[in-house]
Amino acid sequence: MPILVFISLFTLLDFILLFSIGSQIGLLTTLLLVLATGVIGLHLIRKEGVSTFARAQQRMKAGEIPSQELLTGAALIFGGALLMAPGFLSDLLGIACLLPSARQLLYKGLVWLGLKSSVNKNPHAHERPHRGPNAGDPRTHASGSRDSAREGDVIEGDFIGRDDRFTRR
Numbered sequence: 002m003p004i005l006v007f008i009s010l011f012t013l014l015d016f017i018l019l020f021s022i023g024s025q026i027g028l029l030t031t032l033l034l035v036l037a038t039g040v041i042g043l044h045l046i047r048k049e050g051v052s053t054f055a056r057a058q059q060r061m062k063a064g065e066i067p068s069q070e071l072l073t074g075a076a077l078i079f080g081g082a083l084l085m086a087p088g089f090l091s092d093l094l095g096i097a098c099l100l101p102s103a104r105q106l107l108y109k110g111l112v113w114l115g116l117k118s119s120v121n122k123n124p125h126a127h128e129r130p131h132r133g134p135n136a137g138d139p140r141t142h143a144s145g146s147r148d149s150a151r152e153g154d155v156i157e158g159d160f161i162g163r164d165d166r167f168t169r170r
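Okay, so the sequence shown: first residue is 2 according to the numbering used here, each after it adds one.
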């Protein structure tokens, strides 16, 4: 719910700023600026989406995790989407996503938020599960609750491959 309020307030403030500046610089100039930043944002999304995907594939082929490329690509694509949105405040935030120093601050903030939320959600996530009376049931945890199966648990089942039904006999 707080994120919805933040997005609503941001959008409202963005439009207020757009109309205020637009009344000062004129309708034609405002429309040209909005269209120009939209075209730049669209170009950025198309270019960075493809190049980020290519860099991530290269890192995966080398056996590495492409986390830095994915974060950079996500920030650039998010910046491009903000540039496409009509408004000067969203344009400023979009340009900030394009600057490397601002992206570093964004990464630090995301890491801090990510670490904080993962620690608060499950402080014992690193511990091995206790094998209790329901140890044979892969749907139960050490606490006895039936949640999704944990990593490393065996889930038995049958499957039919898609190619099996097309095989000639």
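No residue lacks a Cβ here, since even glycine has one placed at the ideal position from N, Cα and C.
{"Check": "Proximity of leucine 28 and phenylalanine 89 at Cβ, strictly below 9 Å", "Outcome": "no"}
{"Check": "Inter-stretch contact at 8 Å, needing at least 3 Cβ pairs: the segment 59-70 / the segment 10-24", "Outcome": "no"}
{"Check": "Pairwise C-alpha distance: leucine 100 and phenylalanine 54", "Outcome": "20 Å"}
{"Check": "Ranges of the beta strand (DSSP E) found wholly within the segment 7-73, counting only runs of at least 3", "Outcome": "none"}
{"Check": "Environment of serine 24 [buried if 16+ CB atoms lie within 10 Å]", "Outcome": "exposed"}
{"Check": "Under 9 Å between C-beta atoms of glycine 1 and leucine 111", "Outcome": "A query on residue 1 cannot be resolved here, the shown segment of the chain reaching from 2 to 170 and no further."}
{"Check": "Cα-Cα separation between arginine 47 and threonine 38, rounded to whole angstroms", "Outcome": "14 Å"}
{"Check": "Three-state secondary structure (DSSP) of aspartate 159", "Outcome": "coil"}
{"Check": "Glutamine 69 to alanine 57 span [Cα, whole Å]", "Outcome": "9 Å"}
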